[in-house]
Every structure is written in C-alpha cells, then in structure tokens.
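What follows is a set of notes on a single structure, which appears directly below.
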Amino acid sequence: MPRRPKSRYVFDIAAYQRIFRHQRLTNDLSVECLTCRSPVGVHEPYSHHWLEGVDAQHLKLGLQEKLLLKRIEREGIDTFILCDESAVSRTKDFLLEAGMHAVPRLLRFLNYEANRLQVTIGFYVNVTKQRMYYESSPIAIAHHLDIEETVDMVFSLLLEKISSYVLMHQRVPLEACTIKRLKVIVKREWNGKLSLPLQYRVKCDGPAPGSIKESVDLALLTQSFINYHGQRFGHFPISLRVNLFSLRVCATTKELYVVPYLLRSEDWTNTPTFLIQTNVTGEFQGLHEIHNVHKFLKEDSRDHVFECRLCKSHFADRTQFALHKQISCGSGFGVWHMDGDSIELYENCMQLSRDFLHFPWVGIRI
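Using this note's numbering, read the sequence shown as starting at -7 and increasing by one per residue.
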C-alpha cells in the first residue's frame, strides 16, 4: 500500500501577519499548498485562520436533503443501486468515479445524524457470458472522515478477489470483466460514543509520563466554545486555561491534520487539551480530551513496515494496516453465480436527488 504524502504544517510571522502554510514534500522539494494557506493578523486567535477558505471535510445539507434523509429513515431504505448509464462498457472509469466520488458522497450523506455506519459493497460482474455478484463483508465506519479511505480499500480488495477468481476459474484477466452496476447496503446506527478518525484512534492516546492535568469545568468549556465558535470578535473566558485543537482536511491532497484553535498555555504536559469534534456538516458534537499532546500530534514514523500475519500483505501506513485488519483481509468477501437469463425487478424504488448526489442512485425498499 502507498505511503501517505509527506507534509509539514507551519506558522510563519511576516510583518504584521501570521501565515499558516501547508508544504508538501516531493523528492526533497517543498511545494506550497495554495488551498490551505491562511494569513491573519499576528495577534489574532488561531481560530481566525479557519473562519474562511476551502472546507474540504464537511457536507452542505439543505432542507430538501434533510427531508430526503428522514424519508429514507422512515421507509427503511438501506439498499442503494448505482448503474453506469453509458451505452458502451467503461468499467475502469465507472469504478473510478464510483470509488472516488459517488459512494463516498452517498455515505457522507447517510452519515448525517448517525454515529456509525455498517456498510456492505457489491459489484455485479459479467465475464465470458457468465454473471456473478461479488460482495464485501460488512464494515463499520465510526467517523465520517474515514469514509473515503474505507471505500478505497474495499474497492481494492473486491477487485483483487475478482481478479484472482476469474483468472483461476475462467482463465481470463480482470480486464475481461464488465462492471456496470454496484450495490451499497448501509445500516445507520445512532447509539454509541463519538469516535476519532482512525488516523488518530490508532495512536493510543495514553497519559504523558508525569503529567498532572488541571481540572476544567467541561460544561462551562462546552458552552463557551459554542458561544465563541465562528465569531470573529467572540470572547472566550480568560478563566478557562485550556488548549483547543481542530481537524482540517487539505482540499488538494485530502490529507487530514490537526491544527491549533485556541492556545492558552505553552505547558503542553499539564494544560487540559481538547480536540473539537464536529459531524459531517460541521455541527459541533463535543470535545475529546487529548491526554498526551506530543504523541497525538507527532507524525508516525515512516521507516516501519507493517505485515499482516494472515495474508502477508505489507503496509507502510499504520492507519491502512488497521483498516485492513478491520476488514479481516477481505476473508469474509463472497461471490455468487447468477442465472444468465435472470432479471432483478425492484417494485419499490426511489430515485435519489441527482442534483445533490451527482450520480443516479436508486434506493430500494426491501
């Protein structure tokens, strides 16, 4: 599996400005990311850096989209079909569009007001005059920022399974397969505590040695943040000696990183520190206490390779390795042979908004 892009995030002071820069490192050359660059006055709070600019992590839902989601919930629709509408076979382009855009956008939409999604993805495959259906095992997505990476890995494993199967049984390569339809089954869950993105869950954020955190009134802190957030001239109580951080996603590279939102103390070890948690639309959900700030913010080592003991696959990234184990190497994936003359008829279908989802999704009432 590929490594994550190598980047650094810095604040520079120039004249009367403090400038946040995201610099991507490619072949030992530093490339400035223009979508993340954010200048503010040198004495302004760090939160002002994130008031404007491109928001690559949140979804904008209007009243119509929220009503559609309520209808999906009310009618118990959990199966969604996407078909390639082109007249000619274009399997590679269809799967690329579905994996990068169509499926992640659908799941982000369905994630609204849910704590967790149980997702199953299946491909309908035609090869050498045979019809087959390949399906993943259900996988839990506990945070909306894990959606794209999870979909990417499930798609990759499905294609690996298809490639191995048709090569062994039909003696043809993957390129001989035609895929013009896929199915996504989504179980939305509302119970359970808030989770961090997997990239930060795997850090095992335990207490720093010798740390003695000051006590903090969490109710006052939460209400103060709600009153302060999004305000250029908001006031945050001086009595709250805390440090706050928030999550950002680069619109260009899709990298996830943590940035300072409010810094009240440079005593990182003993100052109560929290990560601001928001849902898929950017609405405030709560505060997660960071126990070991240095470990939480530290970039993972890049010189370690993880090996799966079951399938012997190698990973240069801890997050992808954790995701691979969560899917159990794809061992629960299945394949079904379908009658070549069979026709699937769904009488209870609902066309989803193409204007919002950008793709011709159909919801199935089972």
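Glycine residues also receive a C-beta, built at the ideal position from the N, C-alpha and C atoms. Here the structure is a predicted model, which is why all the values come from computation and not from measurement.
Next on the checklist: If you reduce the DSSP assignment to three classes, tell me which class ASN235 lands in.
Outcome noted: Residue mapping note: residue 235 aligns to position 243 of the sequence shown, counting from 1. Correct three-state label for ASN235: strand.
Checklist entry - Quick one: what's got a C-beta closer than 7 Å to TYR249's C-beta in the same chain, skipping five residues either side? => result As a first step, residue 249 must be located in the sequence shown, where it is residue number 257. Only TYR1, ARG240 meet the Cβ criterion.
Next on the checklist: For PRO189, which residues in the same chain have their Cβ closer than 8 Å to its Cβ, ignoring the five residues on either side in sequence?
Outcome noted: For the purposes of this step, residue 189 is identified with residue 197 of the sequence shown, where counting begins at 1. A distance below 8 Å between beta-carbons, with the five flanking residues on each side excluded, links PRO189 to the following residues of its chain, in chain order: HIS135, LEU137, ASP138, LEU239, LEU248.
Next on the checklist: To the nearest angstrom, how far is the alpha carbon of SER78 from that of PHE86?
Outcome noted: As a first step, residue 78 is located in the sequence shown; it is residue number 86 there, counting from the start. As a first step, residue 86 is located in the sequence shown; it is residue number 94 there, counting from the start. Approximately 9 Å between the Cα atoms of the pair.
Next on the checklist: Considering only their Cβ atoms, is the gap separating SER216 from LEU232 smaller than 8 Å?
Outcome noted: As a working note, residue 232 is residue 240 in the sequence shown. As a working note, residue 216 is residue 224 in the sequence shown. Taking 8 Å as the Cβ cut-off, LEU232 and SER216 qualify as a contacting pair.
Next on the checklist: Less than 8 Å between the beta carbons of THR311 and GLN191, yes or no?
Outcome noted: Translated into the one-based positions of the sequence shown, residue 311 becomes position 319. Translated into the one-based positions of the sequence shown, residue 191 becomes position 199. Result yes, Cβ atoms of THR311 and GLN191 sit closer than 8 Å.
Item to check | Selection from LYS290, GLY355, ARG357, PHE351 that minimises the alpha carbon distance to ASP76 | outcome: As a position in the sequence shown, residue 76 is number 84, starting the count at 1. Its Cα nearest to that of ASP76, the residue PHE351 stands out among LYS290, GLY355, ARG357, PHE351.
Next on the checklist: Does the contact criterion of 3 or more C-beta pairs under 8 Å hold for the segment 158 to 172 versus the segment 326 to 342?
Outcome noted: Taking one beta carbon from each stretch, the segment 158 to 172 and the segment 326 to 342 have fewer than 3 pairs nearer than 8 Å; the two do not touch.
Checklist entry - How far does the alpha helix (DSSP H) with LEU254 in it reach, from first residue to last? => result Translated into the one-based positions of the sequence shown, residue 254 becomes position 262. Note, LEU254: premise wrong, no alpha helix (DSSP H); beta strand (DSSP E) at 248 to 255.
Item to check | Sheet register partners of ALA132 (DSSP bridge) | outcome: As a working note, residue 132 is residue 140 in the sequence shown. Answer is GLN110.
Checklist entry - In or out: PRO165 buried (at least 16 other Cβ within 10 Å) or exposed? => result Reading the sequence shown from its first residue, position 173 is the one you call residue 165. Under this definition PRO165 is an exposed residue.
Item to check | DSSP-derived helix/strand/coil call for ASP4 | outcome: Here residue 4 is taken as the residue at index 12 of the sequence shown, counted from 1. Here ASP4 sits in strand by DSSP.
Item to check | Runs of alpha helix (DSSP H) wholly within the segment 50 to 83 (minimum 4 residues, chain order) | outcome: DSSP runs (the alpha helix (DSSP H)) wholly in the segment 50 to 83: 55 to 66.
Next on the checklist: I need the straight-line Cα distance from MET(-7) to LEU315, nearest angstrom please.
Outcome noted: Along the sequence shown, read from residue 1 onward, the residue named residue -7 stands at position 1. Along the sequence shown, read from residue 1 onward, the residue named residue 315 stands at position 323. Note that MET(-7) scores 48 on pLDDT, short of 50, meaning its location in the model is unreliable; the coordinates nonetheless yield the value given after this. Note on geometry: alpha-carbon atoms of MET(-7) and LEU315 lie some 12 Å from one another.
Item to check | Residue interval of the alpha helix (DSSP H) (run including GLU141) | outcome: By 1-based counting over the sequence shown, the position of residue 141 is 149. Per DSSP, GLU141 is one residue of the alpha helix (DSSP H) stretching across 139 to 161.
Next on the checklist: So, at 7 Å on beta carbons, what are the nonlocal neighbours of ILE171 in its own chain, with the 5 sequence-adjacent residues on each side left out?
Outcome noted: Indexing the sequence shown from 1 puts residue 171 at position 179. THR83, PHE86, LEU87, PHE115, TYR116, VAL117, listed in sequence order.
Next on the checklist: Bridge partners for ARG13 per DSSP, in chain order?
Outcome noted: As a first step, residue 13 is located in the sequence shown; it is residue number 21 there, counting from the start. ARG13 is bridged by DSSP to VAL2.
Next on the checklist: Three or more C-beta pairs under 8 Å: does that hold for the segment 10 to 29 against the segment 263 to 273?
Outcome noted: Under the 8 Å Cβ criterion, the segment 10 to 29 does not count as touching the segment 263 to 273, having fewer than three qualifying pairs.
Item to check | Through-space distance from ILE356 to ARG123, alpha-carbon basis | outcome: Indexing the sequence shown from 1 puts residue 123 at position 131. Indexing the sequence shown from 1 puts residue 356 at position 364. The straight-line gap from Cα to Cα measures roughly 21 Å.
Checklist entry - Which same chain residues, not among the five before or five after LEU213, have their C-beta less than 8 Å away from its C-beta? => result Looking up residue 213 in the sequence shown gives position 221. Only residues of its own chain outside the window of five on either side were considered, and among them LEU232, VAL234, PHE266, LEU279 have a CB closer than 8 Å to the CB of LEU213, listed in chain order.
Item to check | Inter-residue Cα distance where the pair is SER30 and CYS242 | outcome: Looking up residue 30 in the sequence shown gives position 38. Looking up residue 242 in the sequence shown gives position 250. Between the alpha carbons of SER30 and CYS242 lies a distance of about 12 Å.
Checklist entry - When DSSP labels each residue in this structure, what does GLN269 get in the three-state scheme? => result Working through the sequence shown from its first residue, we reach residue 269 at position 277. Correct three-state label for GLN269: strand.
Checklist entry - For VAL95, does the count of other Cβ atoms within 10 angstroms reach 16, so buried, or fall short, so exposed? => result The residue you call residue 95 lines up with position 103 of the sequence shown. Counting the other Cβ atoms within 10 Å of the Cβ of VAL95 gives 16 or more, which makes it buried.
Checklist entry - Just to confirm, are VAL354 and ILE5 a CB contact at a threshold of 8 Å? => result Here residue 354 refers to the residue found at position 362 of the sequence shown. Here residue 5 refers to the residue found at position 13 of the sequence shown. Using a Cβ distance threshold of 8 Å, VAL354 and ILE5 do not count as a contacting pair.
Next on the checklist: According to DSSP, is GLN312 part of a helix, a strand, or is it coil?
Outcome noted: In the sequence shown, the residue the question calls residue 312 occupies position 320. Reduced to three states, the DSSP call for GLN312 is helix.
Checklist entry - Can you give the Cα-Cα distance for VAL146 and GLY322, rounded to whole angstroms? => result Translated into positions along the sequence shown, residue 146 becomes position 154. Translated into positions along the sequence shown, residue 322 becomes position 330. Looking at the backbone, the Cα of VAL146 and that of GLY322 are separated by about 8 Å.
Checklist entry - Under 8 Å between the Cβ atoms of VAL208 and PRO252? => result Numbered from its first residue, the sequence shown carries residue 208 at position 216. Numbered from its first residue, the sequence shown carries residue 252 at position 260. No, they are not a contact pair.
Checklist entry - Among SER305, VAL178, TYR126, LEU43, which one has its Cα closest to the Cα of LEU398? => result There is simply no residue 398 to check, as the chain begins at -7 and stops at 358 in what is shown.
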